[in-house]
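Undergrad: Submitted below is the structure of interest, expressed as C-alpha cells.
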Amino acid sequence: MKSNYTTYLLTASASLICLATARTVTQDELSESYDYVVVGGGTGGMALGNRLAEDSSKTVLVIEAGPVDAGEKEIMIPRYYVGASGPYTGEKFNWNASTTPQEALGGREIIFTQGKLIGGGSALNAMVYDRGRPSDYDSWSALNNPGWDFNGLLPYFKKAETFTPPSDDQVAEFGVTWNPECHGTDGPVQSSYCRYVYPQHNNFLDAMKALGVPQPVDQSCGDTLGAYLTTHSIHPTNQSRSFGRTAWYDPSIERRNLHVLIDTQVTKLVTNQDGDNVTISGVEFASSADAKRRTVIVSKEAILSAGALRSPHLLMLSGIGEKAQLDRHGIKTVVNIPGVGQNLQDHAIGSFAMSIDQSLENASDLEDPEFDALQGKEYYESRTGRWTDGLPASLAFIPYLNFTSDPDTVLDAMNATLAIDYLPNGTDPTVIAGYMAQVNHIIDMHRARSTAGQELMYLNGGQLFVTILLHPLSRGTVKLASAEPFDYPLVDPRYLSHPSDTKLYVDALKYDRKIIATDAMKKTSAKEIFPGADVTDDNALGAIVAGGLSTVWHPAGTCAMMPKELGGVVDSQLKVYGVKNLRVVDASVVPLIQAAHMQATVYAIAEKASYSHYVLFEIMTY
Numbered sequence: 000m001k002s003n004y005t006t007y008l009l010t011a012s013a014s015l016i017c018l019a020t021a022r023t024v025t026q027d028e029l030s031e032s033y034d035y036v037v038v039g040g041g042t043g044g045m046a047l048g049n050r051l052a053e054d055s056s057k058t059v060l061v062i063e064a065g066p067v068d069a070g071e072k073e074i075m076i077p078r079y080y081v082g083a084s085g086p087y088t089g090e091k092f093n094w095n096a097s098t099t100p101q102e103a104l105g106g107r108e109i110i111f112t113q114g115k116l117i118g119g120g121s122a123l124n125a126m127v128y129d130r131g132r133p134s135d136y137d138s139w140s141a142l143n144n145p146g147w148d149f150n151g152l153l154p155y156f157k158k159a160e161t162f163t164p165p166s167d168d169q170v171a172e173f174g175v176t177w178n179p180e181c182h183g184t185d186g187p188v189q190s191s192y193c194r195y196v197y198p199q200h201n202n203f204l205d206a207m208k209a210l211g212v213p214q215p216v217d218q219s220c221g222d223t224l225g226a227y228l229t230t231h232s233i234h235p236t237n238q239s240r241s242f243g244r245t246a247w248y249d250p251s252i253e254r255r256n257l258h259v260l261i262d263t264q265v266t267k268l269v270t271n272q273d274g275d276n277v278t279i280s281g282v283e284f285a286s287s288a289d290a291k292r293r294t295v296i297v298s299k300e301a302i303l304s305a306g307a308l309r310s311p312h313l314l315m316l317s318g319i320g321e322k323a324q325l326d327r328h329g330i331k332t333v334v335n336i337p338g339v340g341q342n343l344q345d346h347a348i349g350s351f352a353m354s355i356d357q358s359l360e361n362a363s364d365l366e367d368p369e370f371d372a373l374q375g376k377e378y379y380e381s382r383t384g385r386w387t388d389g390l391p392a393s394l395a396f397i398p399y400l401n402f403t404s405d406p407d408t409v410l411d412a413m414n415a416t417l418a419i420d421y422l423p424n425g426t427d428p429t430v431i432a433g434y435m436a437q438v439n440h441i442i443d444m445h446r447a448r449s450t451a452g453q454e455l456m457y458l459n460g461g462q463l464f465v466t467i468l469l470h471p472l473s474r475g476t477v478k479l480a481s482a483e484p485f486d487y488p489l490v491d492p493r494y495l496s497h498p499s500d501t502k503l504y505v506d507a508l509k510y511d512r513k514i515i516a517t518d519a520m521k522k523t524s525a526k527e528i529f530p531g532a533d534v535t536d537d538n539a540l541g542a543i544v545a546g547g548l549s550t551v552w553h554p555a556g557t558c559a560m561m562p563k564e565l566g567g568v569v570d571s572q573l574k575v576y577g578v579k580n581l582r583v584v585d586a587s588v589v590p591l592i593q594a595a596h597m598q599a600t601v602y603a604i605a606e607k608a609s610y611s612h613y614v615l616f617e618i619m620t621y
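Start counting the sequence shown at 0; every next residue gets the next number (numbering that gives the first Met the number 0).
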C-alpha cells in the first residue's frame, strides 16, 4: 500500500506544477553585453528583471547563484513549507550559512537560511503576505528618502498583487473583512487565504479582543495593529506557493530580450575609474571557485539584488565599502562608503509552548502516517484539507506600550541609548549618526503607538506562540571573511546586544500568559509548557530568551537608503554613492526594518524601482 501511495504522490506532484521553460541560457550562449545586468534572481531580482524586459528594446541578464526548482513539494505545498529551508532540500536551495557566535546568546551560532534559487527567499519563506504600518514606511521618507512613504509605496504593493477575497465560510467563521481598494487585481503574485484554518484560531482572535486588541478591517490598508487571519502568497485555485519563479520567471518565456543564467555566482563588479568618476563596465562570474571566471559587459546599469547579506559582500569584493576593512583583505578601495555591511537588522523570534485539549484538531495529527496520507490524497484530489495549512494563519501586531507593564521606564531607557555603548568598537561616525536617527524614529513610533512592537503568531493549531521583535535596537554587521568570493561573509546580527530587546521579549512572554488566561483560550485547555509557569523572575526569563532565540530570516539594512552622512549606501533613487551606474534593489536598502514580513515589501521596492524611473534611466545620459 505504501508503494502504491508513493507512486500516486509522485504522479500527483508532477501534475501539480506545469513548469514553463524561461529563457535560461548557458555561459556559452550569453551575449557579449547587456543593457541591464541584475545580480541575483531572488525575490527582488527576478521581479526587477522581468519588469525591465517589458521594454523589448532593452536587453536584460539576470545571474542567479542557484538553480530553478522543479516544483518540489517542500517548496510548493503549504504543509511542507518548513522543508524548503530545512533538511528536505539540504544544500540544493540554500546558502547553508550560519552567523558568527552570538555573544548574548551564549556563543550560539544561528543557522541563517537564505534562498539560493530562482525566487530566493520567496521560495523558502512561510508565505505570509503583509505590509507594515504607514509609520514604518513614513520613517523611510523622513530619513531623506522622498517618495518612499506608505502612500508612495502603496501603488507598487498593489501592482505586484492579485488578491483573492476570503471564502464565504471564512467570513462567517472568522469574521474576515477586507477593503478591495487596498489590493491589486492583476499582479504576478497571488495573495489569498489558507483554505484550511484550525477552528481554534477563533479562540485566539477572541482572546486578543478580550485584551483590547481589535480585528482590523484590512491590514493591507496600513491598519495592521490588531489580530486577524492573514493573507499568504498562495495560488487560490491549486493551493500552492506563488513566488519569484511562478510569478516572474515562468511568464518570461516569450521575452527573448531576457536571459537568465543559473547556477552561477557573481564574483565581483568590474569598475572603471576616471578621477572621481566611477562606472561599472562589467560583471565577473564563475560557476564554482575552481571554474574559469568570465565577464559580461554592462552597457547601461548593473543592479545588485543579491539580498541583505550578499549585496554588501559583493560591493566590498568590488572595492566599494569601508576602506579600513578593504585594506585588511588586500582589496583596492574604489569608493570609500563606511556604511556598506553596517546597520544589519533582523526579526528574531522567541517561543512560548502550550499543551491543549488533544481532541481539538492540531498539527500533531499529521504525525500519524495514515492520517497524513489521507490528507495528502485529499489535497491532490480537491486542494482542500490539512495540506493547505501549515502556515501562520492568524497574527497579532501589538504596540509595545500595550504589553509592557512600565512604558515610561522602557521609553526612558531607549531614549538614553548611546550608540557607543551598543554598536561595535570602531563604528564609523556616520553610521553612529544614522543609528541614532533610527532610534529616535523607533521611540517616536512606540510613544505614539503607531507601530507594532511585537508580532505574535499562533501556530500548530494552538500549541505554540512565536513572538517576533519588530523594531530591534540591536544592530549587526556583514563583513568580509576573505577576498575570496566563494568564502561566505561573516554575518553577525549581534542579537540582544541592546538590553531593550531582551526587555521586550520578557514582557512578551508575560503577555502570552495573559492570553492563555482569557476565557476564550481556557476553552482550548491551553496550559504553559515552556518556559514554564514557575519561571517568573525577569532575569530567569531573559536567560531563557537568550537560550532559545532564533530568527525568521528577515535580514535588512546593510546597504541602507539614507544620506551618506548617516551611514547610507544608496540614495533615494537606489543609486550607490559615488558610482554612476550601479543600483541596489533588495532588502538591504531598507533603512529601518518594517513591522511586517519581508516579501511584499521587497516586491514593492522592485516594482517602484522599475516603474518610477529609478532603474529605467531614460532621463540619464550614458
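Ideal Cβ placement from N, Cα and C applies to all residues, glycine included. What you are looking at is a predicted structure, and each value in this text was computed from that prediction instead of being measured.
Taking Cβ to Cβ, would you say D249 is nearer than 7 Å to H596?
TA: Cβ atoms of D249 and H596: not closer than 7 Å.
Undergrad: Quick check: what's the CA-CA separation for W147 versus Q374?
TA: Distance between the alpha carbons of W147 and Q374 is about 44 Å.
Undergrad: Is the separation between the beta-carbon of G627 and that of T161 shorter than 7 Å?
TA: This structure leaves residue 627 out entirely; the chain is present only between 0 and 621.
Undergrad: Alpha carbon to alpha carbon, how far is T20 from H258?
TA: Here the model assigns T20 a pLDDT of 41, short of 50, so the residue's position is not dependable, and the following value carries that caveat. Rounded to the nearest angstrom, the two C-alpha atoms are 12 Å apart.
Undergrad: Do I330 and L581 count as a contact pair if the criterion is CB distance below 7 Å?
TA: Cβ distance not < 7 Å, so L581 and I330 don't count as in contact.
Undergrad: If we call anything under 7 Å between Cβ atoms a contact, is D585 one with G43?
TA: Contact flag set, yes.
Undergrad: Taking contact to mean at least 3 C-beta pairs separated by less than 8 Å, is the stretch 255 to 275 in contact with the stretch 211 to 218?
TA: Contact fails: fewer than three Cβ-Cβ distances are below 8 Å.
Undergrad: Just mark I336 as buried or exposed, buried being the case when its beta carbon has 16 or more other beta carbons within 10 Å.
TA: The residue is buried, with at least 16 neighbouring Cβ atoms inside 10 Å.
Undergrad: In this structure, how does DSSP classify Y378 when only helix, strand and coil are distinguished?
TA: Three-state result, Y378: helix.
Undergrad: Which term fits D345, buried or exposed, when burial requires 16 or more other beta carbons within 10 angstroms of its beta carbon?
TA: Buried, by the Cβ-count rule.
Undergrad: Going by DSSP, which residues form a beta bridge with Y227?
TA: The partner list for Y227 (beta bridge, DSSP) reads L394.
Undergrad: Can you give me the C-alpha to C-alpha distance between V67 and I117, rounded to a whole angstrom?
TA: Approximately 5 Å, taken between the alpha carbons.
Undergrad: Would you give the residue range spanned by the beta strand (DSSP E) that A352 belongs to?
TA: That run of the beta strand (DSSP E) goes A347 to S354.
Undergrad: Output yes or no for whether 7 Å exceeds the beta carbon distance between V551 and I348.
TA: Yes.
Undergrad: Per DSSP, what kind of secondary structure is Y248 in: helix, strand or coil?
TA: In the structure shown, Y248 sits in a helix (DSSP, three-state: H, G or I).
Undergrad: Assign T25 to buried or exposed, taking buried as 16 or more other Cβ atoms, counted over all protein chains shown, within 10 Å of its Cβ.
TA: Exposed, because fewer than 16 other Cβ atoms sit within 10 Å of the Cβ of T25.
Undergrad: Sorted by chain position, which residues of the same chain lie with C-beta nearer than 7 Å to T98's C-beta, five sequence neighbours on each side aside?
TA: So the qualifying residues of the chain are E108, I109, F111, V490, D491 and P492.
Undergrad: Rounded C-beta distance between V59 and D34? I'm assuming under 8 Å.
TA: V59 to D34, Cβ: 7 Å. Contact.
Undergrad: Is it the case that the Cβ atoms of F203 and Y378 are separated by a distance below 7 Å?
TA: Not closer than 7 Å, so no.
Undergrad: Going along the chain, which unbroken runs of the beta strand (DSSP E) with 3 or more residues stay wholly within the stretch 121 to 202?
TA: Taking only runs of at least 3 residues, the beta strand (DSSP E) segments lying wholly in the stretch 121 to 202 are 160 to 162 and 188 to 190.
Undergrad: Does any residue of chain B have a CB that is nearer than 7 Å to the CB of H312?
TA: The structure shown has no chain B; it contains just one protein chain.
Undergrad: Pick from T429, S121, P423 and K574: whose alpha carbon is nearest that of E102?
TA: Answer by Cα proximity: P423.
Undergrad: Between which two residues does the alpha helix (DSSP H) containing L303 stretch?
TA: Here L303 belongs to no alpha helix (DSSP H); instead the beta strand (DSSP E) covers R293 to L303.
Undergrad: Measure the alpha-carbon distance for S287 versus G546 and round it to whole angstroms.
TA: The alpha-carbon atoms of S287 and G546 are separated by roughly 37 Å.
Undergrad: Restricting to Cα atoms, I'd like to know which of N143, M75 and I296 is closest to L591.
TA: Of the listed residues, the one whose Cα sits closest to L591 is N143.
Undergrad: What number of angstroms, rounded off, separates the C-alpha of V578 from the C-alpha of V277?
TA: Rounded to the nearest angstrom, the two C-alpha atoms are 5 Å apart.
Undergrad: So, L343 versus T476, is the Cβ gap smaller than 7 Å?
TA: Closer than 7 Å, so yes.
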